[in-house]
């Protein structure tokens, strides 16, 4: 899944949301001297969501319906496409409007700048420029994002021409998403309650890189 999905599935806990954003940028075991326990929970949740998604029958079927050579990059394409699906019907999946949710997420990244790896700082600048993650509702922005990912890959790839292929299968892909996402949401809720819920948000007085999370709107 991509950034909008990961942060929505983290719920109202900003530490989990931050971990959801860090998940693509922190590799290996997260450093407990740098990240508070609840942020590490968010990174772990990100990884659990990705594993669940990759094994889900609806996602596997969606990957299979993409034609070669796009099927090879189906994981990337569907991650981005599902954020489009979320963004275009955000009120159905969230109690908050998309624009303030997106603005608050970018503000969170700025407040926690000291925790961000350089690659996430660079991506944050791109988020600000394109108004992400809300911008994923715009097919022009989505197409440019896919092309940009394709340029960063070392191997020649068709990502710059993938959007029309996805749009041609919009009805089928939307049906797959609507069958899959409620189950993913329940999985994430259960993970937070059972696997990650025992970790309380704690700020370490001696660690300036800790985060004491607050809920959305508590500024």
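Numbering (full-length UniProt numbering), first residue to last: 1 to 219.
Ideal Cβ placement from N, Cα and C applies to all residues, glycine included.
As the structure is a computational prediction, the values presented were derived from the model and not from experiment.
In the structure shown, residue 79 falls within a helical segment according to DSSP collapsed to helix, strand and coil. Our two residues, residue 89 and residue 78, have alpha carbons roughly 16 angstroms apart in a direct line. DSSP places residue 127 inside the alpha helix (DSSP H), whose first and last residues are 118 to 130. Counting only the Cα atoms, residue 54 lies some 7 angstroms from residue 60. Residue environment analysis places residue 109 among the buried positions, since at least 16 neighbouring C-beta atoms fall within 10 angstroms of its C-beta. By the neighbour-count criterion, in which a residue is buried when 16 or more other Cβ atoms sit within 10 angstroms of its Cβ, residue 126 is exposed. For residue 86, the closest alpha carbon among the candidates 175, 189, 195, 190 is that of 175.
Closest option to residue 63, judged by alpha-carbon separation, among 160, 2, 5, 166: 166.
For residue 43, the enclosing alpha helix (DSSP H) has its first and last residue at 37 to 55. Here residue 194 is exposed. Its C-beta has fewer than 16 other C-beta atoms within 10 Å. Cβ atoms of residue 25 and residue 147 stay farther apart than 8 angstroms, at about 21 angstroms.
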